[in-house]
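Participant: Numbered per our numbering, the sequence shown spans residues 48 to 277. A single structure is presented below for examination.
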Amino acid sequence: MRLAPKIGVQMHHAQTAADLSLPRKQPRDARRAQLIEATIEVLARQGYARVTMADVARRAGLSHGLVNFHFHSKENLLVETLIYLAEEYRQNWTTALERAGDDPADRLHAMLTADFNPEIFTPSRIAAWCSYWGEAQSRPLYQERCGSNDLAYMQELESLCARMIARHGYTGNAERMARVLRVTVEGMWLDMVTIQTPYSREEARATVLTSAAALFPRHFTEAGLIGGSV
């Protein structure tokens, strides 16, 4: 199933072609990042199969030749964009954990709410992710490049659920609890690009926290941690 945005979903892109255009003498890394950001926008609008290097160049306000110089092919451009998104996502949740306390409830709250960081929970980024998840031709690429990151995320989530059971006296299967939380988070992301009228970031976050409250009712409500930050 192709998970591109439905007609009627408003894609409020934060960047325009003018915003993406940088002075011609930018360093190589900055230019590559500019082109990857443009690719994310094109993925969001057109889906994986319809991305062209010409569209990316036009979105970035740069020449087609410059896209070729940095990435050599459409396939490599899409690989590098996926790697960029995956590393951004990994750094987002690992940084949230680094800032959290030692208590598993604090850490679980940090991990779940990290997915709604406004820097990554944007229409264009979510739609780009869905292009990689949802189109058959991109799934092998996704598994190859993101499988280890996904495994690390799930292992951390399962570990936190197991620690909630051990430390705070809850009962249940940590693996299943982690799965419930993961599919709820992923469901919120998918809803953002597949339902006719997406709900707000705050509502998506509250939905995930409601799942956490169902599993760990002494520590979570839909607003966040009981007795902690929201």
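Glycine included, every Cβ here is placed at the ideal spot set by N, Cα and C.
Just the C-alpha distance for Leu124 and Glu233, rounded to the nearest angstrom, thanks.
Facilitator: Sequence index remark: in the sequence shown, residue 124 carries index 77 (1-based). Sequence index remark: in the sequence shown, residue 233 carries index 186 (1-based). For Leu124 and Glu233, the distance between alpha carbons rounds to 25 angstroms.
Participant: Just mark Pro264 as buried or exposed, buried being the case when its beta carbon has 16 or more other beta carbons within 10 Å.
Facilitator: Walking along the sequence shown from the start, residue 264 turns up at place 217. A residue is called buried once 16 or more other Cβ atoms fall within 10 Å of its Cβ, and Pro264, having fewer, is exposed.
Participant: Rank Ala261, Gln243, Ala133 by C-alpha distance to the C-alpha of Gly194 and give the top, closest one.
Facilitator: Here residue 194 is taken as the residue at index 147 of the sequence shown, counted from 1. Closest by alpha carbon: Ala133.
Participant: Among His119, Phe118, Arg92, whose alpha-carbon lies nearest the alpha-carbon of Arg106?
Facilitator: For the purposes of this step, residue 106 is taken as residue 59 along the sequence shown, with counting starting at 1. Ranking His119, Phe118, Arg92 by Cα distance to Arg106 puts Arg92 first.
Participant: Counting pairs of Cβ atoms below 8 angstroms between the stretch 177-186 and the stretch 252-268, do you hit three or more?
Facilitator: Judged by pairs of C-beta atoms under 8 angstroms, the stretch 177-186 does not touch the stretch 252-268, as fewer than three such pairs exist.
Participant: Rounded to a whole number of angstroms, what is the C-alpha to C-alpha distance between Gln114 and Ala147?
Facilitator: Locating residue 114 in the sequence shown gives position 67, counting from the first residue. Locating residue 147 in the sequence shown gives position 100, counting from the first residue. First, the amino acid is wrong: residue 114 is Val here, not Gln. So the two alpha carbons sit approximately 40 angstroms from each other.
Participant: Tell me the DSSP secondary structure of Gly286 in three-state form.
Facilitator: As shown, the chain starts at 48 and ends at 277. That puts residue 286 outside it, with no answer to give.
Participant: In chain order, what residues of the same chain lie with their CB nearer than 6 angstroms to the CB of Leu207, ignoring the 5 residues before and after it?
Facilitator: As a position in the sequence shown, residue 207 is number 160, starting the count at 1. So the qualifying residues of the chain are Pro151, Arg154, Leu155.
Participant: Would you say the stretch 212-220 touches the stretch 230-248, given that touching needs at least three Cβ pairs under 8 angstroms?
Facilitator: no
Participant: Could you check the C-alpha separation between His266 and Met158 for me, to the nearest Å?
Facilitator: Looking up residue 266 in the sequence shown gives position 219. Looking up residue 158 in the sequence shown gives position 111. About 15 angstroms.
Participant: Leu272 bridges to which residues according to DSSP?
Facilitator: In the sequence shown, residue 272 corresponds to position 225, counting from 1. DSSP, once it has assigned bridges, lists Phe267 as partnering Leu272.
Participant: If we ignore side chains and look at the alpha-carbon of each, how far apart do Met239 and Tyr179 end up?
Facilitator: By 1-based counting over the sequence shown, the position of residue 239 is 192. By 1-based counting over the sequence shown, the position of residue 179 is 132. Cα-Cα distance, rounded: 15 angstroms.
Participant: With respect to the alpha helix (DSSP H) encompassing Glu88, which residues constitute its N-terminal and C-terminal limits?
Facilitator: Taking the sequence shown and counting its residues from 1, one reaches residue 88 at position 41. Taken as a continuous stretch (DSSP letters only), the alpha helix (DSSP H) holding Glu88 covers 75-93.
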